[in-house]
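Letter by letter, the sequence shown follows residues 101 to 423 in the working numbering.
No residue lacks a Cβ here, since even glycine has one placed at the ideal position from N, Cα and C.
What follows is a short report on a single structure.
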Amino acid sequence: MKNIGILTSGGDSPGMNAAIRAVVRTGVYHDMDIFGIRRGYQGMIEGDIFKMQTTDVANIIQRGGTILKTARSKEFMTDEGRRKAYDQLTKHNIEGLVLIGGDGTFRGAVAFFEQFTIPAVGIPGTIDKDLAGTDFTIGFDTAVNTAVEAIDKIRDTAEAHDRLFVVEVMGRDAGYIALNSGIACGAEDILIPEQITDIEDVLNRIDNDERRKKTVHIIIVAEGDDYGGAKEVQARITERFPMLDVRTCVLGHIQRGGSPSYADRVLASRLGYAAVNALRAGNTQVMAGIVNDNIFFTPFDNVIKGEAPINPDMLELIRVLSI
Ligand code: ATP
101 MKNIGILTSG GDSPGMNAAI RAVVRTGVYH DMDIFGIRRG YQGMIEGDIF
151 KMQTTDVANI IQRGGTILKT ARSKEFMTDE GRRKAYDQLT KHNIEGLVLI
201 GGDGTFRGAV AFFEQFTIPA VGIPGTIDKD LAGTDFTIGF DTAVNTAVEA
251 IDKIRDTAEA HDRLFVVEVM GRDAGYIALN SGIACGAEDI LIPEQITDIE
301 DVLNRIDNDE RRKKTVHIII VAEGDDYGGA KEVQARITER FPMLDVRTCV
351 LGHIQRGGSP SYADRVLASR LGYAAVNALR AGNTQVMAGI VNDNIFFTPF
401 DNVIKGEAPI NPDMLELIRV LSI
């Protein structure tokens, strides 16, 4: 294989640039031509494709976002859209793809391969860490660090005013950011989509803390929690304890940005290098992940059908440490 294309797709995550750099440099090292495809599958359909040099990826390892930009493409979900994308790949003699994204991106790869048999290797790039087949995804560590820094600051002001804070972090379907940032910040409660929220239980714990004169109470809620987001939780608390000063903070998109942590840069570099070598070896329609600190390949089908369940020990840990 001589010519490969690379794209970033779905939500951006810090460390995608480090992965792009690793793919380009590994490819060039092996005398391959690497084609950058801008704006994910939509850019592929529109032929927004350019040949990348090693200098294109200089000075990007420390930058958040993605120099290739990213997009969500409805058109790629149609046979006609994928046909246009394939025609563009043929025009540029692109024989294989490296796809950096989440499960939607790999669903797209499966649909594409069923129609056109184009070899592809995936790299998990999502802050949510909600993919089977890997212990970590690129961007997760940075996103949690960003949340931790913000929650620590909120704790300072919460303590100064004896306030109760409900902090909403990202995670539509997965509670990993909430769970890890909550444990790291000593949160009193952590509400995640993987576990049904018993709001009475949450209220009783606030009641107990009030009786014990525990002045700071921080609740972390993942945006996809079944009870709702920070506003819904705040409303219920205020209804039960009208005398309490309850504030909310939605951290939002700051969790996606920023310079990637060392862990995300190293992970991205390892996975980018592994993805190119997998393509060269003909090990395709797989996602390159990391399991027990070793590179591990999982077929796309298993990634998209699989789950990344929360370790029950972590849930028990919250209970014990928040007394
Ligand atoms: P994140 O986890 O950050 O949301 P993602 O890769 O899951 O990232 P999606 O928007 O779900 O993000 O998927 C990226 C793109 O993949 C979609 O915009 C669409 O173009 C393509 N895609 C997703 N599912 C399919 C599918 N079933 N068939 C074809 N293409 C798909």
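Boundaries of the alpha helix (DSSP H) around Gly-204: 203-216. DSSP places Val-248 in the helix class (H, G or I) of the three-state scheme.
Following the DSSP letters along the chain, one finds Thr-126 inside the alpha helix (DSSP H) bounded by residues 116-129. By the Cβ criterion, the region 265-279 is in contact with the region 246-257, since at least three pairs of Cβ atoms, one from each stretch, lie closer than 8 angstroms.
For Gly-329, no alpha helix (DSSP H) segment is defined, and its DSSP state is neither H nor E.
For Met-152, the uninterrupted beta strand (DSSP E) segment begins and ends at 149-152. Residue burial is scored here from C-beta neighbours: Gly-275 has at least 16 other C-beta atoms within 10 angstroms and is therefore classed as buried.
Proximity to Thr-170 across Gly-358, Gly-222, Ser-109 peaks at Ser-109, based on C-alpha coordinates. By the neighbour-count criterion, in which a residue is buried when 16 or more other Cβ atoms sit within 10 angstroms of its Cβ, Lys-229 is buried. Setting aside the 5 residues that flank it on each side, Asn-103 is surrounded in the same chain by Asp-133, Asn-193, Ile-194, Glu-195, each with a C-beta closer than 6 angstroms to its C-beta; the list follows chain order. Here DSSP, grouped into helix, strand and coil, assigns His-192 to coil. Using a Cβ distance threshold of 7 angstroms, Ser-359 and Gly-164 count as a contacting pair.
In this chain, the alpha helix (DSSP H) harbouring Glu-416 covers 412-421. Contact between Ile-145 and Ser-173 is confirmed by a C-beta separation of about 7 angstroms, below the 8 angstroms threshold. In its chain, beyond the 5 residues on either side, Ile-290, Ile-320 have a beta carbon closer than 6 angstroms to the beta carbon of Gly-282.
Pro-360 is bridged by DSSP to nothing; it lacks a bridge partner.
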